[in-house]
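Asks: Our numbering numbers the first residue of the sequence shown as 3 and each following residue consecutively. By construction, the Cβ of each residue, glycine as well, lies at the ideal position given by its N, Cα and C atoms.
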Amino acid sequence: MFYRLFLNSTLALASVFTVQHAALAQSVDVPFIGTVPVQATFTEIIFPPLEPVIVGGSNGIPSKFEPQTPATVTVQTSTNATITVSAPVLVSGASQDPPGTIKIGYVRFGSTTVSSDVGGGNGSLPAGTNDLEVSMLVERPTAFLAGDYTYTVTLTITP
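#1: Once DSSP output is grouped into helix, strand and coil, what is the label at S122?
#2: Report yes if the CB atom of E249 is closer than 7 Å to the CB atom of Q70, and no otherwise.
#3: If contacts are defined as beta-carbon pairs under 8 Å, then P51 and V155 qualify, I think. What distance do you get, rounded to the angstrom?
#4: S137: which of L157, S113, P64 sits nearest, CA to CA?
#5: Considering only residues of the same chain and omitting the five flanking positions on each side of G95, which have a CB-CB separation below 6 Å?
#6: How many Å lie between V87 and I106 at the Cα?
#7: Tell me the rounded alpha-carbon separation between T43 and V77.
#8: Just to confirm the assignment, what range does the beta strand (DSSP E) spanning A42 have?
#9: Out of V55, V75, T74, state which residue places its alpha-carbon closest to the alpha-carbon of F67.
#10: Quick one: is L13 buried, meaning 16 or more other Cβ sit within 10 Å of its Cβ, or exposed?
#11: Within the same chain, show all residues whose beta-carbon is closer than 8 Å to that of P100, passing over the 5 residues directly before and after it, in chain order.
#12: Tell me which residues share the same chain as S126 and place their Cβ nearer than 7 Å to its Cβ, disregarding the 5 neighbours each side in the sequence.
#13: Compare the C-alpha of E135 against each of G123, I63, V75, T103 and name the closest.
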């Protein structure tokens with residue numbers, strides 16, 4: 003009888019030791035972080051031809067270029083942004099711009115006009131779809147030589 007008592011006690015004690023191992027529960031939060039980038043998409047660019055303008059005192063030879071109607075650019079932004087307009091850059095032409103040439107780029111949207119020669123050419127662009135009117139002025143101290151001229155005005159949008 004002691005044999006059975008001893009055997010049962012030993013089995014019971016052994017099972018208690020084997021079942022009582024420490025179990026620590028821990029949890030962790032796994033973050034998933036994503037960034038939705040600011041997007042600006044230029045669409046539908048309509049540009050008119052550049053027209054030479056004869057300024058008084060230039061003997062009938064043009065010394066100023068500006069479009070009679072502005073170019074139209076549609077831009078769509080996902081958030082408010084800063085728009086920057088550059089001064090016109092001569093890409094190609096019959097003659098280079100001489101020193102003293104006045105070069106100004108303009109962009110207008112809503113009731114806002116941004117000029118490259120004022121405030122660094124920066125303005126606040128509201129979120130959504132905006133129709134931009136882009137124009138420029140190039141006025142030389144001397145007349146343009148006969149030939150074709152191409153100028154570029156750059157628009158930059160930053161968040």
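Replies: Looking at the atomic coordinates:
#1: As a working mapping, residue 122 is identified with position 120 in the sequence shown. According to the sequence as given, residue 122 is Gly; it is not Ser. Residue state, collapsed to three classes: helix.
#2: Outside the displayed range of the chain (3 to 161) lies residue 249, so it cannot be described from this structure.
#3: Translated into the one-based positions of the sequence shown, residue 51 becomes position 49. Translated into the one-based positions of the sequence shown, residue 155 becomes position 153. Incorrect: roughly 15 Å between the Cβ atoms, too far for contact.
#4: Start at 1 with the first residue of the sequence shown, and residue 137 comes out as number 135. Answer by Cα proximity: L157.
#5: Here residue 95 refers to the residue found at position 93 of the sequence shown. The residues are Y151.
#6: To locate residue 87, count along the sequence shown from 1; it is residue 85. To locate residue 106, count along the sequence shown from 1; it is residue 104. Going by the C-alpha atoms only, they are around 9 Å apart.
#7: Taking the sequence shown and counting its residues from 1, one reaches residue 43 at position 41. Taking the sequence shown and counting its residues from 1, one reaches residue 77 at position 75. Rounded to whole angstroms, T43 to V77 spans 6 Å at the Cα level.
#8: Start at 1 with the first residue of the sequence shown, and residue 42 comes out as number 40. Taken as a continuous stretch (DSSP letters only), the beta strand (DSSP E) holding A42 covers 42-48.
#9: Counting from one through the sequence shown, the residue named residue 67 turns up at place 65. Cα-wise, what sits closest to F67 is V55.
#10: Within the sequence shown, numbered from 1, the residue matching residue 13 stands at position 11. Only weak support is given to the placement of L13: the predicted model assigns it a pLDDT of 48, under 50, and the question is left unresolved by the model.
#11: The residue labelled residue 100 in the question sits at position 98 within the sequence shown. Excluding residues within five positions, the ones whose Cβ falls inside 8 Å are R142, P143, T144.
#12: Stepping through the sequence shown from its first residue, residue 126 is reached at position 124. Within the same chain, Cβ atoms closer than 7 Å to the Cβ of S126 are found at N82, T84, the five residues on either side in sequence being excluded.
#13: Within the sequence shown, numbered from 1, the residue matching residue 135 stands at position 133. Checked all of G123, I63, V75, T103; the closest Cα to E135 is V75.
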